[in-house]
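So the structure is just underneath, and the comments pick up after that.
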Amino acid sequence: MKRIVITLLMMILCTLPLLSVAAEGTDSRILVAYFSATGNTKAIAQTVANELGADLYEIVPEDPYTEADLAYYTGGRCDQEQDDPSVRPGIAGGIENMDQYELVVIGHPIWHGQAPRIISTFLESYDFSGKTLVTFCTSHSSPLGSSAQNLHSLVPGTVIWLNSRRFPGDASVENVKAWVDTEIIPYVEENMKGKALTLKIDGTFVTVEWEKNDAILALSERIKDAPLTVQMSMYGGFEQVGSLGTSLPREDQETTTSAGDIVLYAGNQIVVFYGSNSWAYTRLGHITDKTPAEMRELLGKHDVTVTLSFD
Ligand SMILES: Cc1cc2nc3c(=O)[nH]c(=O)nc-3n(C[C@H](O)[C@H](O)[C@H](O)COP(=O)(O)O)c2cc1C
């Protein structure tokens, strides 16, 4: 009996990575998602993810491809799927935190000159509006051809597409790195670097270590196009509080705060502390560049204005 329970537990644990890439603590805004039937694309995807410091997600078919399925020009499963652009093979599991990613790199093999239909399933499974996508593929000898372009109509028109790249199945690590370094990293540096949630108190930036939780993700999403200014009021001799004008996901926990703590109160108010209080809050972050005395000086004299922005 004990052995059966342990075996079942092992099976569940082995399945977990396939279900989600919402890895604890990761805050990368880049995802490398790949499908690979025989391992060539997988190896390249791993190099790309390492080079970019990106999260890695394997697109795993619900119904795995057997050797017989993969034997092409036999009229088998792959041949049939590639013959019919409307086929959408199911994907096992999914990505819970797609909102987190701004750039998604998608890797796949070439099957009969095109991306496998499971890539269509993947592209239609998420809302990629406003995100940047780039595909790479591996093939025995076929060029990129129309394979990348044919994927564009599967996502909203607001997607920014970077140039795709074809690699031979046995591409060297150096070649892959060279592509990432010349085609992707310059884009990341120009468009994504330095973008962070910032907080100003009465026009002065303070350094904040933000929590990695759903409230912060939602707040970042809310202010990514326009800063949010909150009129705060002194309260209780220990805090400044103001309405965000929007509700954020709550994970309230009984908390004793200290000077510099930033929390969410009642789901829609931001509180910055210059003293201490005990209540059920959702932690948002902590101001790290001010001493308790400096926090009291900054917040304990008059009402302030707080500006949250993403830049
Ligand atoms: C069903 C099927 C169709 C394929 N069609 C092509 C093709 O049209 N052109 C080509 O050069 N290679 C073709 N290949 C070879 C693969 O693209 C190549 O081996 C690729 O690197 C495999 O990637 P993977 O190991 O990540 O699955 C095909 C392979 C399979 C299984």
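Using our numbering, count along the sequence shown one by one with no gaps and you end on 322. All C-beta atoms, glycine included, are put in the ideal place defined by N, C-alpha and C.
Closer than 7 Å, CB to CB, is residue i near chain C or not?
i    : result
M245 : This model lacks chain C altogether; it includes just one protein chain.
Output the boundary residues of the beta strand (DSSP E) element that contains residue i.
i    : result
A291 : S289 to I298
For residue i versus residue j, is the C-beta spacing smaller than 7 Å?
i    : j    : result
E220 : G296 : yes
V145 : L173 : yes
L319 : L210 : yes
Q242 : L310 : no
A229 : P260 : yes
L208 : F321 : yes
R88  : T132 : no
T218 : T299 : yes
Using the Cβ count rule (16 or more neighbours within 10 Å means buried), how would you classify residue i?
i    : result
A54  : buried
M306 : buried
S258 : exposed
D66  : buried
V184 : exposed
S47  : buried
N328 : Absent from the structure is residue 328, since the part of the chain shown begins at 12 and ends at 322.
Distance, Cα to Cα, residue i vs residue j?
i    : j    : result
F249 : I273 : 12 Å
I281 : E232 : 16 Å
G118 : A304 : 52 Å
I195 : G256 : 37 Å
S140 : E113 : 10 Å
T302 : E308 : 10 Å
A44  : M109 : 11 Å
D138 : S157 : 23 Å
Q160 : Q125 : 10 Å
N61  : K235 : 27 Å
Is any non-hydrogen atom of ligand 3 found closer than 6 Å to the C-beta of residue i, if you look at the structure I gave you?
i    : result
N161 : Ligand 3 is not part of the structure shown, which contains ligand 1 as its ligands.
Checklist entry - Hey, is the region 51-68 in contact with the region 79-86, meaning 3+ C-beta pairs nearer than 8 Å? => result Judged by pairs of C-beta atoms under 8 Å, the region 51-68 does not touch the region 79-86, as fewer than three such pairs exist.
Checklist entry - Touch check for the region 99-118 and the region 64-75: three-plus C-beta pairs under 8 Å? => result Segments in contact, yes.
Checklist entry - Would the region 137-153 and the region 177-193 be scored as touching if the rule is three or more Cβ pairs under 8 Å? => result A contact exists between the region 137-153 and the region 177-193.
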